[in-house]
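Protein chains: 2
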Amino acid sequence: MVKTKDKIILAAEKLFSEHGFEQTSLRQITSEADVNLASVNYHFGSKKSLIQAVMARYQMVFLPALEVELQRLAEQPNYTTTDVLACMTQPLIALRQVRLDGPVIYLRLLGYAYSEIQGHLRKFTMTHYGHVVQGFFEMIQTANPHLSRKTLFWRLHFSLGAMLFAQVSGQALREIALADFGEATQAEETFLKLLPFVAAGISAVDPEAQN
Amino acid sequence: MVKTKDKIILAAEKLFSEHGFEQTSLRQITSEADVNLASVNYHFGSKKSLIQAVMARYQMVFLPALEVELQRLAEQPNYTTTDVLACMTQPLIALRQVRLDGPVIYLRLLGYAYSEIQGHLRKFTMTHYGHVVQGFFEMIQTANPHLSRKTLFWRLHFSLGAMLFAQVSGQALREIALADFGEATQAEETFLKLLPFVAAGISAVDPEAQN
DNA sequence: TCACATTTAAAACGCACGTTTAATTTGCAG
DNA sequence: CTGCAAATTAAACGTGCGTTTTAAATGTGA
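First to last, the sequence lines map onto chains H and G.
By the count of our numbering, the first sequence reaches residue 611 at its end, each step adding exactly one.
By the count of our numbering, the second sequence reaches residue 611 at its end, each step adding exactly one.
Structure follows, in structure tokens:
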């Protein structure tokens with residue numbers, strides 16, 4: 401028998417990833433989960449806490465796995481931007497342990513988390529996994545010694561934006577692509593197409609560096 | 401004497417660009433504009449119509465100006481991705497006619513429009529200015545004959561995502577950058593930093609093209 | 001089986017929102 | 001000045017939300 405708490409989590413993940421956090425009401429979630437409305441507040445305390453619980457379930461798998469991959473690469477004598485970015489693929493695949501469609505779900509949740517409650521997720525992530533994020537940044541810096549920290553900071557966030565937009569708008573974009581020139585794109589394929597784009601963007605020569 | 405309708409538009413632009421469309425209530429707008437709550441529905445019919453009016457005011461300046469720039473470049477024997485992207489800078493500056501801080505306002509509005517009401521803005525833009533968008537796409541294609549339409553489609557939307565994220569999260573990111581390593585970034589500077597990133601990402605070699 | 005803590009259930013609360021109504025004020029042509 | 005349309009105002013409406021309350025049902029250890 402499936403516990404009420406688990407039914408809520410599963411339904412919340414699904415609806416949050418499809419429509420965003422604020423656009424999803426507790427009534428939709430409890431209806432989808434086939435549980436009573438009040439049980440969310442009983443088991444999680446508030447909607448905000450439910451959101452954090454949903455995110456934490458994925459973060460606690462993804463970020464430690466990312467840390468392992470980064471440390472492995474850090475032992476190499478040298479590495480490229482692409483190498484560092486590729487460290488994310490295995491941890492993403494590891495999210496299948498959480499849920500069969502975990503990788504897709506997580507990327508979408510990330511997108512909504514950043515675009516809706518910008519500050520909260522970043523604070524939570526930095527508090528619990530700040531050293532992983534920091535390490536990632538340092539390795540990108542090592543792979544691109546010609547770039548200033550400031551330029552790198554912005555380019556990493558441009559990359560984040562590209563990824564989040566692709567995930568959140570992914571379904572709509574896939575439909576447009578299909579209608580415009582009849583080529584379908586798989587959800588997982590989007591992330592693979594993203595990597596060379598982001599890698600080239602990050603490593604681009606900085607025009608300002610000539611100053 | 402400033403008309404009520406104009407006071408509403410000015411206040412709405414400001415608040416929409418700061419907090420997004422859905423996060424901004426009509427009560428906030430009418431309070432900021434110092435007009436009666438009901439006057440929005442009297443002058444614009446609905447909140448949705450107000451949003452469209454706000455967006456249209458910028459689109460009708462930006463997109464025709466972009467068309468002019470693109471046509472000028474198209475007459476050249478050849479051009480690069482950067483050249484095509486640079487066509488956007490003058491039309492952005494032209495938005496100062498609409499409002500002193502028009503360029504910044506417009507980019508932020510774009511960001512929220514895409515992340516909140518994804519379908520609507522695209523539909524509106526394509527209906528009224530579809531040929532401009534189409535022309536932009538074709539010129540990027542011409543500048544990158546080695547890339548498939550599918551790859552180009554996704555990379556252009558990655559670029560859009562990078563820009564929108566930078567604008568919407570721009571204020572928060574600027575504060576983080578300042579706190580993390582003490583370097584301030586101007587709002588207008590963000591767009592300039594974006595161009596080389598996006599240009600390199602779009603023109604990157606496509607690993608899939610080897611297949 | 002009994003007593004007690006845990007969990008579920010139905011209903012209501014208070015709040016903020018976009019919108020509508022109806023009355024009043026304002027602007028202006030004849 | 002008069003009369004009428006346009007504009008403004010204050011108040012209320014209906015809806016959906018997250019949350020709380022109170023009672024009933026369920027599970028559990030002695």
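The beta carbon of each residue, even a glycine, is placed where N, CA and C say it ideally should be.
These numbers come from a predicted model, not from an experiment.
Contact check, residue i vs residue j, beta carbons under 8 Å
| i | j | result |
| --- | --- | --- |
| H/T424 | H/V440 | no |
| G/K414 | G/D434 | no |
| H/F591 | H/L507 | yes |
| H/L470 | H/F536 | yes |
| H/A438 | H/A465 | no |
| G/Y512 | G/F416 | yes |
| H/L510 | H/L564 | yes |
| G/A600 | H/G561 | no |
| G/V532 | G/L473 | no |
| G/S603 | G/T525 | no |
| G/V461 | G/I409 | no |
| G/V402 | G/Y458 | no |
Residue i: contacting residues in chain H (beta-carbon distance under 9 Å)
| i | result |
| --- | --- |
| G/S417 | Residues of chain H passing the Cβ test: none, with the nearest at roughly 15 Å. |
| G/D606 | K593, P596 |
| G/S446 | Those within 9 Å of G/S446 in chain H number zero; the least Cβ separation is about 19 Å. |
| G/H528 | Near G/H528 there are no residues of chain H at all, since even the closest Cβ is about 17 Å away, more than 9 Å. |
Cβ-based burial, residue i [other Cβ within 10 Å; buried from 16]
| i | result |
| --- | --- |
| H/Q490 | exposed |
| H/H546 | exposed |
| G/K516 | It is worth fixing the name first, because residue 516 of chain G is Glu in this sequence and not Lys. Answer is buried; the Cβ neighbour count reaches 16. |
| G/G445 | exposed |
| G/Q586 | exposed |
| H/F581 | exposed |
| G/N478 | exposed |
| H/I451 | buried |
| G/S559 | buried |
| H/V605 | exposed |
| H/Y442 | exposed |
| G/S449 | exposed |
| G/H528 | exposed |
| G/V568 | buried |
| G/Q610 | With a pLDDT of 49 at G/Q610, under the threshold of 50, the modelled position of that residue is not reliable, and the figure given next carries that caveat. When all chains shown are included, G/Q610 counts as exposed. |
| H/G519 | exposed |
| H/A456 | exposed |
| G/P607 | exposed |
| H/G420 | buried |
| H/G530 | exposed |
| H/R427 | exposed |
| G/N544 | buried |
| G/L573 | buried |
| H/L521 | buried |
| H/A412 | buried |
| H/A579 | exposed |
Chain G residues whose Cβ lies nearer than 7 Å to that of residue i
| i | result |
| --- | --- |
| H/G601 | F597, V598, A600, G601 |
| H/E583 | K550 |
| H/H531 | Those within 7 Å of H/H531 in chain G number zero; the least Cβ separation is about 14 Å. |
| H/F421 | Neighbours of H/F421 on chain G: none; closest Cβ ~12 Å, over 7 Å. |
Partner residues on chain H for residue i, Cβ-Cβ distance less than 8 Å
| i | result |
| --- | --- |
| G/L547 | What G/L547 touches in chain H: nothing, since even the nearest Cβ is about 11 Å away. |
Within chain G, partners of residue i - CB distance below 8 Å
| i | result |
| --- | --- |
| H/A577 | K550, F553, W554 |
| H/G561 | G561, A562, M563, L564, F565, A566, S569 |
| H/F536 | Under the 8 Å cutoff, chain G gives no residues; its nearest Cβ is about 14 Å from H/F536. |
| H/S425 | Going along chain G, no residue has its Cβ under 8 Å from H/S425, so there is no contact; the nearest lies around 14 Å. |
| H/E462 | First, the amino acid is wrong: residue 462 of chain H is Phe here, not Glu. In chain order: nothing, as chain G lies at least about 20 Å away. |
Cβ-Cβ separation, residue j to residue i (assumed contact under 8 Å), whole Å
| i | j | result |
| --- | --- | --- |
| G/K550 | H/E583 | 5 Å |
| H/L485 | H/P503 | That pair is no contact at about 15 Å. |
| H/E556 | H/I540 | Rather than Glu, the amino acid found at residue 556 of chain H in this sequence is Leu. 7 Å between Cβ atoms; contact. |
| H/K447 | G/W554 | With a Cβ gap of about 34 Å, H/K447 and G/W554 do not count as contacting. |
Any non-hydrogen atom of the ligand GTP closer than 7 Å to residue i Cβ
| i | result |
| --- | --- |
| G/R499 | Ligands in the displayed structure: none, and consequently the ligand GTP is not present. |
Legend entry - Continuous alpha helix (DSSP H) assignments of at least 4 residues falling wholly in the region 419-487 of chain H: 426-433, 439-444, 447-474, 481-486
Legend entry - Contiguous alpha helix (DSSP H) assignments of at least 4 residues, all confined to the region 542-581 of chain H: 549-568, 570-581
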